[in-house]
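**Q** Shown below is the structure under consideration.
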Amino acid sequence: MISMKKMVSLLLVAVLSPVYASNLTQFQLDNGLVVMVKEDKRAPVVTSQVWYKVGASYEPDGVTGVSHMLEHMMFKGTENLKPGELSKIIARLGGSENAFTSQDYTAYFQTIHKDHLKRMLELESERMQSLKLDDTEFQKERKVVLEERRMRVEDQPTSRLRERFEAVAHDTNPYRRPVIGWQQDIEHYQLTDLQIWYDRHYAPNNAALVVVGDVDAEQVRAMVNETLAKVPARSLDSAKKVANLPPVGEKRLVMSDERAKVPSLLMGFAVPSWNTSDDKSQAYALEMLAHVLDAGNSSRLSKELVRGSQQLSQAGAGYDLYARLPTQFVLSAVPADGVTLAQAEAALRQSIARIVEKGVTREELKRVLAQVEAAEVYQQDSLFFQGMKLGQAFTLGVPTAEIDAYLTQLAKVTPEQVQQAAKNWLVTERMTVAYLQPKATDSMAKGGK
Amino acid sequence: MKKRIGLVVIGWLVALPSFAALQIESWQTPKGAKVLYAYAPELPMVDVRVVFDAGSARDTDKKGVAYLTNQLIGQGDAQRDEERFAEESESLGLQFSTQSLKDMAVINIRSLTRADVLEPALALSASAISKPLFSEAVLKREKAQLMTRLQAKQQSAAALARDAFWQQLYGQHPYAYASEGTLDSVKTITSTDLKQFYRRYYTATNAVVAIVGQVDKAKAQAMAIQLVDSLPQGQAVPAVAAVSAPVAGMKQIDYPASQTQILMGQLGVHRLDVDYIPLYVANHILGGSGFASRLMEEVREKRGLVYGVSSSIIPMRQPGPWMLSLQTATNNAPEALAVVKDTLAGLLADIPESELQEHKDNIIGSFALETDSNKDIVGYLAMMGFYQLPLSWMEDFPKQVAALDRQQLLSVVRRHLKPEQWTGVLLGKPADTQAGAKALPVTPKMIHQ
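Protein chains in written order, with this note's numbering: chain A, 2 to 450; chain B, 130 to 578.
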C-alpha cells in the first residue's frame with residue numbers, strides 16, 4: 002500500500018519492469034548519496050525524486066505509521082522555510098510535487114520545467130538536514146492524517162479487509178502493519194517520535210536522488226555538488242533483522258461490515274521475494290505465475306472464472322517480486338451474484354489445482370512476454386514512472402542491472418518452473434483466507450468450514 | 130545558499146511555454162470523421178483515441194445503454210469471438226480499452242509501431258470498432274457484472290455522494306445520471322437496445338480520431354480510414370438538451386460512516402464559453418490547485434479538518450458543474466461548512482493581484498507538464514476535436530491566462546458564482562450532519578431524506 006500526502010492517484014504497477022540503461026548515469030557522492038540520472042529529452046521537463054530507505058516495515062510497534070506522519074511533516078517547515086512555503090515556491094515555479102510512503106520507502110518528488118531543477122535540489126537539501134518539527138503544526142497535521150485514515154480505511158470495507166488480512170497473513174513479518182498506521186498509534190505519537198525517526202533515517206547516506214528528463218548527467222552532477230553534496234552524512238542504525246516464522250498452517254478470517262453490500266475475499270500464500278530467495282529463478286517463476294493467472298482477459302482467472310464458469314464477477318492475482326522482505330502471493334475475488342464466498346474460494350483453488358496438475362502452456366508464457374515487452378516501451382512515455390522504477394530499485398536493494406534484465410529473466414522461466422512454483426508455494430499450509438461478508442446476507446454468504 | 134531558499138524570486142518565468150515542437154494537423158476522412166494528429170517520433174509506439182458523441186447524455190429512459198454499448202466493443206466482432214480477440218490482442222501487446230463518459234464514448238488504442246505488430250493491431254481494432262457482435266451471452270454476463278459493481282457502489286460513501294450530487298444538480302437532465310445506469314435500468318437492457326444505439330451514434334460523422342506517435346502523416350491518414358471509415362457515414366446528432374438551474378439547498382442522506390461527505394456546487398459553463406478561462410483561473414484559486422488553493426489553506430492547513438478538499442469546474446457540451454467536495458469526521462462538518470462559506474464569500478470579495486499572479490505562474494508553468502507525454506497529448510487532441518476547439522488551443526490557453534486582467538476576472542466571478550443558489554449533499558451519520566446542515570449558510574431550504 003502506498004499512502005500519499007495529497008490527493009493524487011497514482012497507478013502503481015506491482016511489477017517493476019526494465020529500465021533502459023543506455024542513457025542512465027549512476028554515481029555516489031562522498032556523503033553517501035546515490036544519484037541516478039536518466040536523460041529523456043522529449044519535453045523541457047524533469048522529474049526529481051528523493052528516495053529514503055524507510056517506511057512502515059522499519060517501524061516498531063506503538064508508532065506504526067510514523068514514517069507516513071513524518072512525510073506529512075516534511076512540508077511543514079524547516080529552519081529557512083515556513084510551513085507550506087516549500088509547496089508554494091514549487092507551485093509558483095509551475096511545478097507539481099508530492100510525496101508517498103510505502104512499506105519499504107518514502108519518496109518526495111517534483112515535476113517541473115528543467116530550468117528549475119537546481120532550485121528543487123536546494124529545497125530537498127534543506128529538508129534533508131534542517132527540518133523544524135513544530136508542535137502546533139504537528140497537532141493539526143495529526144488530525145489530517147486521522148482524516149486520511151478514515152477516508153482510506155475506516156469507511157471502506159474492502160480496505161479494512163485488506164488491512165486485517167495483512168495483519169493476519171504476515172505473522173511476525175513487519176508487513177503486517179499498515180503504512181498509514183493503526184488509529185491508536187496515530188493518536189498517540191509524540192513530537193519526539195518524529196524527531197527520532199527523522200534523525201535516524203533522513204541522511205544522504207540513506208537516500209538516492211533520481212532525476213529523469215531533459216537534462217545532461219554532467220549538469221546534474223554540478224548542481225548536486227552545490228546542493229545535496231553539502232549535506233553531511235550521519236551514522237545510521239542498521240535495520241534489525243526480522244524474524245520470519247515458517248508457516249504452520251492455514252489461517253482464516255471472516256470480517257463483517259454493516260456497510261458491505263458485496264462479498265469479497267482475499268487468499269494469500271506466504272512466499273519469498275526476489276530479495277529473500279536463495280534461488281532467484283524461483284522468484285521469477287512466481288512472477289510468471291502471477292501473470293499467467295492475471296494479465297489481461299486471456300489470462301487464467303479472467304478466462305476460466307470470470308468469463309468461463311462466470312462464478313466470479315472480478316478476480317485478480319498479484320506478487321510483489323522485488324519486496325525487501327518475504328511477501329504474500331495474493332489472489333482476490335468478488336463472487337458473482339448467487340455464488341457464495343466458499344464457492345468462490347473453491348473456484349480459485351481449482352484454478353490453482355489445474356496448474357499444479359496440468360501445468361501451463363508455452364503459448365500462455367509467450368503472451369505474457371509479448372505484453373511485458375510492449376509495456377516496457379509504453380512505460381517510457383512517463384518520466385515519473387521511469388524515475389519510480391529507479392527509486393524502487395535503490396530502496397529495495399535490487400541492482401538496476403537486475404531490473405534491466407527483467408524481461409530476459411522472465412523469458413527464461415519454463416512452463417515446468419511455473420507449475421513447480423504453484424506446487425511448492427500455493428499450498429494450504431502457507432495460506433491465509435479472508436472473507437468480507439455483508440451482514441444482511443450472512444446465511445447465504447457463509448463460507449469456510 | 131541555504132539562506133536564499135526562503136526568498137521568492139520574481140521574474141523567472143521569462144517565456145511562455147512553447148509548443149512549436151508539437152505540430153498538430155487536422156483533416157477529415159472521406160466519410161467525414163475528424164482527425165487530429167501529432168507526430169511523436171521518440172518512442173516506437175502510437176496512441177490512438179477514438180471518441181464518439183455517444184456518452185450517457187444520449188441515453189433515453191434505459192440508463193446504461195450508452196455505457197454497455199461502449200463496454201461491449203472489443204468483446205467479440207464479426208471476425209472473432211471475445212476469447213480470440215483477447216488472445217490475439219494480448220499476443221501483440223496491444224492495449225485496447227473503452228471508457229464511457231457523460232458526453233463521450235472513448236476507445237483507447239496503444240500499440241507498438243513495428244509493422245509486424247501495428248498492422249494486425251490495427252486490423253483487430255478496426256474490426257472491434259466497426260463490426261461488434263453484441264452477443265447475448267456476453268451482454269448477459271456484462272450486465273451481471275455491472276449490477277455487482279452497482280451493488281458495490283452502495284458500500285462507497287464517496288460514490289453515493291457523487292451520484293446524489295449530480296442528481297441534485299441536474300434533476301431530469303441526462304447529466305443527472307451516472308453513465309453506468311442503475312440496478313433497475315440495467316436489468317431491462319437488451320442487445321437490441323445496444324445495436325440500435327450503436328447504429329445511431331457510432332458513425333463516421335460522429336467520430337473524432339486523435340493519433341499521436343511514431344507514425345507519419347500518410348500512415349495516420351490510412352489508420353484513421355481503417356479504424357472508422359467502415360462505419361456508415363451517419364447523420365449529425367442533435368444538441369444535448371439544455372440544462373436548467375437546480376433547486377438550491379442541501380440534501381441530508383443518512384449513511385453509517387465515520388466521515389461526512391460534502392459535495393456542493395452550481396452550474397458552471399460549457400466548453401466553448403468565453404468565460405471558461407477566467408472561471409478556470411478563479412477555480413484554481415478557490416480549490417483547483419491543491420496546496421496553492423484557498424480551500425486547502427483554510428480547511429486543511431489552518432484547521433486540520435480534512436485530508437482532501439478541492440473544487441473543480443468541469444466544462445462539458447452543456448454547462449458542467451462548478452463544485453467542491455470534502456470529507457471530514459462528522460463532528461467537524463459544521464465547522465468545515467462554515468469555513469467553506471467564508472471562503473466562497475472571500476472569492477467574491479477580492480482576488481489580490483499578487484495572488485492572481487502566483488496562480489497564473491503556476492497554471493502557465495505547469496501546462497508544459499501536462500503535455501509531456503504522448504498519452505497526455507492524445508487526450509488533449511481528442512478533447513479539442515470533440516469540443517471543436519481551434520487547433521491553436523494549446524498555444525492560446527497559456528497566453529489567455531497570462532492576459533487575464535484582475536478586474537475582468539472579478540467581474541466574471543461575480544457574474545457566475547452564486548453561493549446562495551448552491552445545491553449539494555451531506556452524506557453521513559444523521560444527528561451531527563443535521564447540525565452541519567443547519568450551520569450551512571447557503572441553504573434557504575433543507576431537504577431531508
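The beta-carbon is built from N, C-alpha and C at its ideal position, and this holds for glycine as well.
Being a predicted model, the structure only gives us computed values, none of them experimental.
Report the three-state DSSP secondary structure of residue 522(B) (helix, strand or coil).
**A** Helix.
**Q** Give me whichever residues DSSP pairs with residue 337(B) in a beta bridge.
**A** For residue 337(B), which the question treats as bridged, DSSP gives the partners 163(B), 180(B).
**Q** At the level of alpha carbons, what is the spacing between residue 203(A) and residue 47(A)?
**A** Those two C-alpha atoms are separated by around 23 angstroms.
**Q** Can you tell me whether DSSP reads residue 395(A) as helix, strand or coil?
**A** Correct three-state label for residue 395(A): helix.
**Q** With a threshold of 8 angstroms on Cβ separation, who are the neighbours of residue 440(A) within its own chain once the five nearest residues in sequence on each side are excluded?
**A** Here the set comprises 257, 258, 259, 261.
**Q** Give me, in chain order, the residues of the same chain whose beta-carbon lies closer than 7 angstroms to that of residue 441(B); leave out the 5 immediate sequence neighbours on both sides.
**A** Counting only Cβ-Cβ distances below 7 angstroms, and skipping sequence neighbours, we find 412, 417, 452.
**Q** Does residue 1(A) get closer than 8 angstroms to chain B when you measure Cβ to Cβ?
**A** The displayed coordinates of chain A run from 2 to 450. Any statement about residue 1(A) would go beyond what the structure contains.
**Q** Note down, in chain order, all residues in the stretch 154–176 of chain B with a beta-carbon under 9 angstroms from any beta-carbon belonging to chain A.
**A** If the cut-off is 9 angstroms between Cβ atoms, the stretch 154–176 of chain B has 169, 171, 172, 173, 174, 176 near chain A.
**Q** Threshold first: 3 residues or longer. Then list the beta strand (DSSP E) segments lying entirely within the stretch 221–308 of chain A, N to C.
**A** Counting whole runs of 3 or more residues, the stretch 221–308 of chain A contains the beta strand (DSSP E) stretches 252–258, 265–272.
**Q** Round the Cβ separation of residue 396(B) and residue 480(B) to the nearest angstrom and send it over; I've been treating them as touching at under 8 angstroms.
**A** Not confirmed; about 21 angstroms, so no contact.
**Q** Given that a residue counts as buried once 16 or more other Cβ atoms are within 10 Å of its Cβ, and exposed if not, what is residue 551(B)?
**A** Residue 551(B) comes out buried.
**Q** For a cutoff of 8 angstroms on Cβ pairs, would you count residue 65(A) as touching chain B?
**A** Not closer than 8 angstroms to any Cβ of chain B, the Cβ of residue 65(A) fails to qualify, so no.
**Q** Below 8 angstroms CB to CB, which residues in the same chain sit around residue 147(A) once its five sequence neighbours on both sides are set aside?
**A** Excluding residues within five positions, the ones whose Cβ falls inside 8 angstroms are 184, 187, 188.
**Q** Please decide whether residue 276(B) counts as near chain A, where near means a Cβ-Cβ distance under 8 angstroms.
**A** Closer than 8 angstroms: yes.
**Q** Compute the Euclidean distance between the alpha carbons of residue 487(B) and residue 231(A), then round it to the nearest angstrom.
**A** Cα-Cα distance, rounded: 31 angstroms.
**Q** Just tell me which of 432(B), 169(B), 322(B) has its CA closest to the CA of residue 455(A).
**A** Because chain A spans 2 through 450 in this model, residue 455(A) falls outside it and cannot be assessed.
**Q** Is there a C-beta anywhere in chain B that falls below 8 angstroms from the one on residue 432(A)?
**A** Not one chain B Cβ lies under 8 angstroms of residue 432(A).
**Q** What residues from the stretch 404–415 of chain A come within 9 angstroms of chain B, judged by C-beta to C-beta, listed N to C?
**A** Here the close residues number zero.
**Q** Could you compute how far the alpha carbon of residue 465(B) sits from the alpha carbon of residue 521(B)?
**A** Between residue 465(B) and residue 521(B), the C-alpha separation is close to 41 angstroms.
**Q** Go ahead and label residue 421(B) buried or exposed: buried means 16 or more other beta carbons lie within 10 angstroms of its beta carbon, across all protein chains shown.
**A** With 16 or more Cβ atoms within 10 Å of its Cβ, residue 421(B) is classed as buried.
**Q** Considering residue 334(A), what are the terminal residues of the beta strand (DSSP E) in which it resides?
**A** First-last of the beta strand (DSSP E) with residue 334(A): 328–336.
**Q** Chain A beta carbons: is any one of them nearer than 8 angstroms to that of residue 421(B)?
**A** Yes, residue 421(B) counts as interfacial toward chain A.
**Q** For a test of the three-state rule: what should DSSP assign to residue 283(B), helix, strand or coil?
**A** Of the three classes helix, strand and coil, the one that applies to residue 283(B) here is coil, per DSSP.
**Q** How about residue 337(A) and residue 312(A): do their beta carbons lie closer than 8 angstroms?
**A** Their beta carbons are under 8 angstroms apart, which means residue 337(A) touches residue 312(A) by this criterion.
**Q** Leaving out five residues before and five after residue 559(B) in sequence, what residues of the same chain have Cβ atoms less than 6 angstroms from its Cβ?
**A** 383, listed in sequence order.
**Q** If you follow the beta strand (DSSP E) that residue 49(A) is part of, which residue opens it and which one closes it?
**A** 46–53 is the span of the beta strand (DSSP E), which, as asked, contains residue 49(A).
**Q** Hey, does residue 470(B) have any beta-carbon neighbour from chain A nearer than 8 angstroms?
**A** No, because no Cβ of chain A sits closer than 8 angstroms to the Cβ of residue 470(B).
**Q** Let me make sure I understand the geometry here. Which of 196(B), 534(B), 311(B), 242(B) has the alpha-carbon closest to that of residue 172(B)?
**A** The option with the nearest alpha carbon to residue 172(B) is 242(B).
**Q** Excluding the five sequence neighbours on either side, which residues of its own chain have a C-beta within less than 7 angstroms of the C-beta of residue 458(B), listed in chain order?
**A** For residue 458(B), where only same-chain residues beyond five positions count, the Cβ hits under 7 angstroms are 387, 388.
**Q** Who are the near neighbours of residue 78(A) in its chain, counting only those whose CB is closer than 7 angstroms to its CB and skipping five residues on each side?
**A** Excluding residues within five positions, the ones whose Cβ falls inside 7 angstroms are 84, 133, 135, 138.
**Q** Could you tell me the alpha carbon to alpha carbon distance between residue 388(A) and residue 494(B), rounded to whole angstroms?
**A** Rounded to the nearest angstrom, the two C-alpha atoms are 21 angstroms apart.
**Q** For the stretch 188–207 of chain B against the stretch 317–326 of chain B, are there 3 or more C-beta pairs whose distance is under 8 angstroms?
**A** Cβ pair count under 8 angstroms is three or more, so yes.
**Q** By alpha-carbon positions, which one of 534(B), 342(B), 218(B), 274(B) ends up nearest to residue 43(A)?
**A** Ranking the options by Cα distance to residue 43(A), first place goes to 342(B).
**Q** Along the stretch 227–253 of chain B, where does the CB come closer than 7 angstroms to a CB of chain A? Name the residues.
**A** Those would be 239, 241, in chain order.
**Q** Should residue 156(B) be labelled buried (16 or more other beta-carbon atoms within 10 Å of its own) or exposed?
**A** Burial call: exposed.
**Q** Tell me whether residue 482(B) is buried or exposed, calling it buried when 16 or more other Cβ atoms sit within 10 Å of its Cβ.
**A** It counts as exposed.
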